[in-house]
Amino acid sequence: MKRKPILLNLVSVALLMFAGAPLRAQLTEPVLHWTLEEGAGTNTAEAVSGVTNVAHFVDGVAWTNGLAPGSSHAVNLQLSNSGYIDAGTLQTNGDYVAATDATDMFVLSNQWTITGWVELAQDSFLYNDQCILTSDTDAPDWWLFFIRTAGQLPNSLGFDFNSVRIDSGIDIPTGRPVFVCISGDQTALAFGPGIGHRFAVWDGAGWHYKEGVRYENIQLDGLEIGSFNNGTRQFEGTLDELRVYNTALSKAELAGLALNNAIGGDLGATVTAPAALTNATSLSFAVQFTEDVTGFDITDLDFSIGPSIFTGTPAITGSGSTYTVTLPVQGSGPVSLDLVPGSGVQTLGGDPLVNPIASSVVELDQTSPAATAITLIGANPTPALVVSFDVVFSEFVTGFNDSNDVLVAHSGTANTGVEIDGDGSNYVVTLTGVTGAGSFTVEVVPAGGTRDLAGNAVYSSVTSATVAHTIDTTPPQVVGVTPESTGPVTNGFANFTVAFSEPVIGFDPYVHMGYDSTNMMLIDPYEYHSLDESNYTVVVNCVVVDGAASGTFDARVLPSLDVTDLAGNPLLEAGPTSAVVTVSASPYQLWAIGKGLSSTNFNYALDPDGDGRNNAMEFLRDGNPLDANDPVKQRIHIAEVAGQQYGVLTIAAPDGFAYVPGEEPGTMESYFPDSYFFISDTILPTSDLFDWVAGLAPIVEDPSIATPPGMPALSPGWSYRHFRFADPVDVLPKAFMKGEAYVPEP
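What the sequence shown shows, in the working numbering, is residues 119 to 864, in sequence order.
Rendered as structure tokens:
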């Protein structure tokens, strides 16, 4: 059917938006689809699920010639007054079953559509409602899709929302195929604001629509084709290709569904957009048909253009199978062009276009970017030789990269260079070599080379606040180096605050700090942070030398020409030295001292007594590293828990040593941190003594288990810990556990 031409010269944005969203080239898939295509037997397939043993015929249903395009068979329900098809239930898990009153039936909410092909055998007003597809009334949200008896509205397509009946007023002819549809739309997005439902009918000559405000959810339980409530209000005629969708189909999708191969034509086309993003004032879409056509004009097109507008009448040029559609446009927004099936274009042999053809979307952008904010980084006034600004644009831009894109206005000052860093919509502009006592401002040059991604040049810019520049010849000084605590700090980290008399640059504590110490093996900055360029926090890693119970150190900042204030004056004096910080040795070091280890055998990886357990393992298990005859402070045994017997490993471990599930499933691990090294203890279980990885058997720590009698007493600071297999011995009759201590190289 030819649609009325759209008035294009003086169209407002609102009228253009009425054209709707672009047509989609591929139809939405239904959630239920009865093809009614078998042509034999008493069952019919539900195509989406593939189930064939449901939707069975009841009392006098016969196969007949198909109604829908491409359909060879349909079902005839006019042979008796009681024939119908029991169509089953769609469940929430997606199963389709031959049952009614399901407790978990699928409910269509927010948006849905029911379509089908019908051919009435006789007028419904002489008899009763003729149901096309219905649900079970015993469940909530029941419904009927029917052609109803309505006095002055014979054969009117209607729908019943749970006893609320509505009419379309669209008359359904008898004796010929008709495509019918009902859609529900709670969101009011698919049809338009305030529209809740839409009837659509294709009668072979044109489309008929009726829209209204009614909307409810509908459930898919106890479905019947051609009747209602177990064989009442039968349809008298032929039904074909019934579909149920979990969305509201657009008019274009309905057109594609109704017209696809309707006349046997095979006319196809492609629509090619000019660009994905452009600022052009005229867009040219290439339309290529698969063969020569006639009747191609403006009524064969659907435009989606809002919120931009046409500035003139779209034009079509070309002939045969190749055409160009030119759209004069203004503004910004997505633009697409679609060919409408069922319109006037056709092949020289009379075959129509039967599928919607959609172009890709062109993002039209005729809005020029602007520099919206230019903000000084730092304090104003400033003595700095290098001054930076944050520059923010209204959108993503490119080409903002050199001094030609920036205008610097000086009064009594000068700069030797401009550096620009950043991308997208955020940049940093840095002026280098700033000299003189005076002021300056910065702005973006609108006529420069900066463009947005569509090619629009910057059309406006803000100007930065006026920055005052002063002359500074006074070198910076160290105000103080202050420890957070003078100790004793346990072997680990000490925090310092370093304060300067003014902001400085170039300060690096790895290079610019010095220390005096006693009994210290390591003093090394671990990390640092700038608080406000005048104050820094410095974390120092400090470790007492082996064999000493404690050590001390202080800290100071060293003079350096590399540390300068913002005006370039160097740090010439060291300034005050910090208070002395006392550092206590690590738990391992204190233990080693108490056990009599000397400088030659102090290392945790050594084994002075040659018993196969290094110093780290002796420490973990509260052993004596100089006596190979230490009593064993671990034991494998059987313990009873809640009436079940379990294999248990009892070990000694330092207090506060927390065991957590390890990286290998089933293992338990713990880490004893020390500033310079750490000891890890892994309890590794297995059911295969020869494969400690493949045979892992999960374990848990169980503090409820008692320490076995006769276990040696432990030193203060150590306790017995108990690990058992997760499975009892009747499930796991043979299993093993071992402890592994790991110490990295220092």
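For glycine and all other residues, C-beta sits at the position ideal for the given N, C-alpha and C.
{"query": "On the CB-based measure, 16 or more other CB atoms within 10 Å of its CB, does glycine 413 come out buried or exposed?", "result": "exposed"}
{"query": "Pull up the distance between the alpha-carbon of phenylalanine 243 and that of arginine 266, whole angstroms please.", "result": "At phenylalanine 243 the pLDDT is 49, less than 50, meaning the model places this residue with poor confidence and gives no usable figure here."}
{"query": "Isoleucine 495: buried (16+ other C-beta within 10 angstroms of its C-beta) or exposed?", "result": "exposed"}
{"query": "Ignore the nearest five residues each way along the sequence and tell me which others in glutamate 620's own chain have a CB closer than 7 Å to its CB.", "result": "Pro594, Ser652, Asp683"}
{"query": "What does DSSP give as the partner residue(s) for methionine 855 in the beta ladder?", "result": "Pro803"}
{"query": "When you compare the stretch 630-642 with the stretch 670-685, are there three or more beta-carbon pairs, one atom per stretch, that lie closer than 8 Å?", "result": "yes"}
{"query": "Check whether the Cβ atoms of tyrosine 327 and glycine 314 lie closer than 8 Å to each other.", "result": "no"}
{"query": "Quick one: grab the DSSP three-state call for tyrosine 860.", "result": "strand"}
{"query": "Any idea what DSSP makes of glutamine 391, helix, strand or coil?", "result": "For the record, residue 391 in the displayed sequence is alanine; it is not glutamine. It is coil, neither helix nor strand."}
{"query": "Please report how far the alpha carbon of serine 227 lies from the alpha carbon of leucine 150, in whole angstroms.", "result": "15 Å"}
{"query": "Could you tell me if leucine 807 is buried or exposed, where buried requires 16 or more neighbouring beta carbons within 10 angstroms of its beta carbon?", "result": "exposed"}
{"query": "Which partner residues of alanine 476 appear in the DSSP bridge assignment?", "result": "Asp456"}
{"query": "Under a Cβ-count criterion, where at least 16 other Cβ atoms within 10 Å of its own Cβ denotes burial, should proline 953 be classed as buried or exposed?", "result": "Residue 953 lies beyond the stretch modelled for the chain, which goes from 119 to 864, so this question has no answer here."}
{"query": "Label alanine 132 either buried or exposed according to how many other C-beta atoms from any shown protein chain fall within 10 Å of its C-beta, with 16 as the threshold for buried.", "result": "Because the pLDDT at alanine 132 is just 23, under 50, the model does not fix this residue reliably, and the value given afterwards should be weighed accordingly. Exposed, by the Cβ-count rule."}
{"query": "Going by Cα to Cα distance, which pick from Gly310, Gln406, Ala387, Ala394 is closest to lysine 369?", "result": "Gly310"}
{"query": "Exposed or buried, what is threonine 388 when buried is set at 16 or more other beta-carbons lying within 10 Å of its beta-carbon?", "result": "exposed"}
{"query": "With a Cβ-Cβ cutoff of 8 Å, do glutamate 237 and threonine 356 count as a contact?", "result": "yes"}
{"query": "Looking at alanine 612 and asparagine 84, is the spacing between their C-beta atoms short of 8 Å?", "result": "Not covered by the structure: residue 84. The range shown for the chain is 119 to 864."}
{"query": "Using DSSP's beta-bridge definition, name the partner residues of glutamate 787.", "result": "Val778, Thr800"}
{"query": "In the DSSP assignment, the beta strand (DSSP E) including asparagine 733 goes from what residue to what residue?", "result": "Segment 733-738 is the alpha helix (DSSP H) holding asparagine 733; no beta strand (DSSP E) there."}
{"query": "Applying the 10 Å Cβ sphere with the 16-neighbour rule, what's the burial state of leucine 141?", "result": "Interpretation of leucine 141 is limited by its pLDDT of 32, a score under 50 that renders its predicted location unreliable; the figure taken from the coordinates is listed afterwards. Buried: at least 16 other Cβ atoms inside 10 Å."}
{"query": "Name the DSSP bridge partner or partners of glutamate 758?", "result": "Gln763"}
{"query": "Helix, strand or coil: which one does DSSP assign to isoleucine 416?", "result": "helix"}
{"query": "With distances taken Cα to Cα, identify the nearest neighbour of leucine 738 among Pro772, Phe297, Phe720, Pro726.", "result": "Pro772"}
{"query": "Does the stretch 530-541 come into contact with the stretch 553-561, if we say contact requires no fewer than three beta-carbon pairs (one atom in each stretch) closer than 8 Å?", "result": "yes"}
{"query": "Apart from the five residues just before and just after valine 698, which ones in its own chain have a Cβ nearer than 8 Å to its Cβ?", "result": "Thr604, Thr670, Phe671, Asp672"}
{"query": "Taking the alpha-carbon positions, what's the arginine 569 to tyrosine 441 distance?", "result": "33 Å"}
{"query": "With DSSP as the reference, please indicate the residues paired to tryptophan 709 in a beta bridge.", "result": "For tryptophan 709, which the question treats as bridged, DSSP gives no partner whatsoever."}
{"query": "When the Cβ atoms of the stretch 462-482 are set against those of the stretch 639-654, are three or more pairs found closer than 8 Å?", "result": "no"}
{"query": "Tell me whether alanine 734 is buried or exposed, calling it buried when 16 or more other Cβ atoms sit within 10 Å of its Cβ.", "result": "buried"}
{"query": "Among Ala491, Phe263, Pro291, Lys852, whose alpha-carbon lies nearest the alpha-carbon of tyrosine 764?", "result": "Lys852"}
{"query": "Counting pairs of beta carbons, one from the stretch 333-348 and one from the stretch 403-420, are three or more of them closer than 8 Å?", "result": "no"}
{"query": "Kindly list the residues whose CB is nearer than 6 Å to the CB of valine 331, restricted to its own chain and excluding five residues on each side of it in sequence; keep chain order.", "result": "Gly314"}
{"query": "Is the CB-CB distance between methionine 855 and isoleucine 711 below 8 Å?", "result": "no"}
{"query": "Identify whether lysine 369 lies in helix, strand or coil by the three-state DSSP scheme.", "result": "helix"}
{"query": "What residue range does the alpha helix (DSSP H) around tyrosine 654 cover?", "result": "That residue, tyrosine 654, is in no alpha helix (DSSP H); its beta strand (DSSP E) goes 653-662."}
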